[in-house]
Structure formats: structure tokens, C-alpha cells
Amino acid sequence: MGGFNLPYGITIVNKTNKQAYQLSTYVLGIAGSFQFTENLSLDLNIQLQDYIGTAIGVPKSDLIIYSDLGQYIGKSKVQIIASFSYQQSQFDLKIVINSLFIQGFL
Numbered sequence: 009m010g011g012f013n014l015p016y017g018i019t020i021v022n023k024t025n026k027q028a029y030q031l032s033t034y035v036l037g038i039a040g041s042f043q044f045t046e047n048l049s050l051d052l053n054i055q056l057q058d059y060i061g062t063a064i065g066v067p068k069s070d071l072i073i074y075s076d077l078g079q080y081i082g083k084s085k086v087q088i089i090a091s092f093s094y095q096q097s098q099f100d101l102k103i104v105i106n107s108l109f110i111q112g113f114l
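Position in the sequence shown (first residue = 1) + 8 = the working numbering.
Written out as C-alpha cells, the structure is:
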């Protein structure tokens with residue numbers, strides 16, 4: 009996957025103190041889904057976001073990784089999902105581990 013973001017509109021920009029929304033960016037990534045068994049699957053999403061230009065408080069680039077592991081319990085439609093996300097910026101490191109229980113229709 010990929011994308012490009014250009015700021016637009018009529019505005020006055022202080023070129024010595026630009027904000028993140030005033031910079032162009034591009035994103036490259038890959039996403040996939042893997043089914044190990046009938047009841048167990050993994051979704052994975054890896055993205056690289058890069059800013060074109062610099063601004064105070066804005067990193068040069070970001071690396072973002074998301075993964076979700078889902079398991080159906082028995083023959084019911086009850087599913088347990090565990091998520092993991094990782095984000096690394098030039099000045100920032102954030103790791104989040106979540107778990108979520110979703111009950112389907114029985």
C-alpha cells in the first residue's frame with residue numbers, strides 16, 4: 009500500500025515554525041492476513057511514514073507495526089483477540105499491548 013499527502017488551501021505559513029499538518033508526507037506499507045487453522049488467524053500491518061521537510065517537534069519518519077491474533081473458541085462464534093502495536097519515531101518510542109474479548113452470537 010502507499011499514499012501521498014499534500015497540504016492545500018489558502019493559508020499563511022510561518023516557514024520558520026511549520027506545523028505537522030503543513031508538511032507533505034508519504035506512506036509505504038504492507039498488510040497481510042494469515043490463517044493458520046480454521047479457528048486461528050493473524051493480521052499484520054507494517055507502515056513507514058516519512059515527512060518531506062522539517063518542522064519543530066515533527067520526526068523525520070515513523071515506523072508503525074500492528075498485529076492482531078484471533079482465535080475462535082470451539083465451534084461457537086466467540087472469539088478472543090490479542091493486539092500488539094509498535095511505533096517508533098525519531099524522538100519517540102511507544103509500545104502498546106492490548107487484549108480484547110469479543111463475544112459473538114451463539
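Think of the CB as a built atom: it goes at the ideal place given N, C-alpha and C, for glycine as much as any other residue.
In this text the structure is predicted, and so the values were computed from the model without any measurement.
Quick check on this structure: which residue in the options has the alpha carbon closest to the alpha carbon of residue i?
{"i": "residue 115", "options": "62, 90, 54, 48", "result": "Here the chain has residues from 9 to 114 only, and residue 115 is not among them."}
{"i": "residue 78", "options": "69, 91, 66, 70", "result": "91"}
{"i": "residue 62", "options": "93, 33, 45, 89", "result": "33"}
{"i": "residue 18", "options": "9, 75, 38, 30", "result": "30"}
{"i": "residue 68", "options": "16, 88, 13, 28", "result": "28"}
{"i": "residue 39", "options": "9, 13, 45, 24", "result": "9"}
{"i": "residue 74", "options": "93, 84, 46, 13", "result": "93"}
Would you say residue i and residue j are within 8 Å of each other, going by their C-beta atoms?
{"i": "residue 95", "j": "residue 72", "result": "yes"}
{"i": "residue 35", "j": "residue 56", "result": "yes"}
{"i": "residue 37", "j": "residue 54", "result": "yes"}
In the structure shown, what three-state DSSP assignment does residue i receive?
{"i": "residue 29", "result": "helix"}
{"i": "residue 50", "result": "strand"}
{"i": "residue 84", "result": "coil"}
{"i": "residue 3", "result": "The shown model of the chain, from 9 to 114, leaves out residue 3, and the question about it has no answer."}
{"i": "residue 7", "result": "Residue 7 lies beyond the residue range present for the chain, which begins at 9 and ends at 114; the question has no answer from this structure."}
{"i": "residue 90", "result": "strand"}
{"i": "residue 14", "result": "coil"}
{"i": "residue 78", "result": "strand"}
Keeping to the same chain, check which residues put their C-beta closer than 8 Å to that of residue i; ignore five residues upstream and five downstream.
{"i": "residue 41", "result": "49, 50, 51, 52"}
Could you tell me if residue i is buried or exposed, where buried requires 16 or more neighbouring beta carbons within 10 angstroms of its beta carbon?
{"i": "residue 59", "result": "buried"}
Between residue i and the rest of its own chain, which residues show a CB-CB distance below 6 Å, the 5 nearest in sequence each way excluded?
{"i": "residue 97", "result": "67, 70"}
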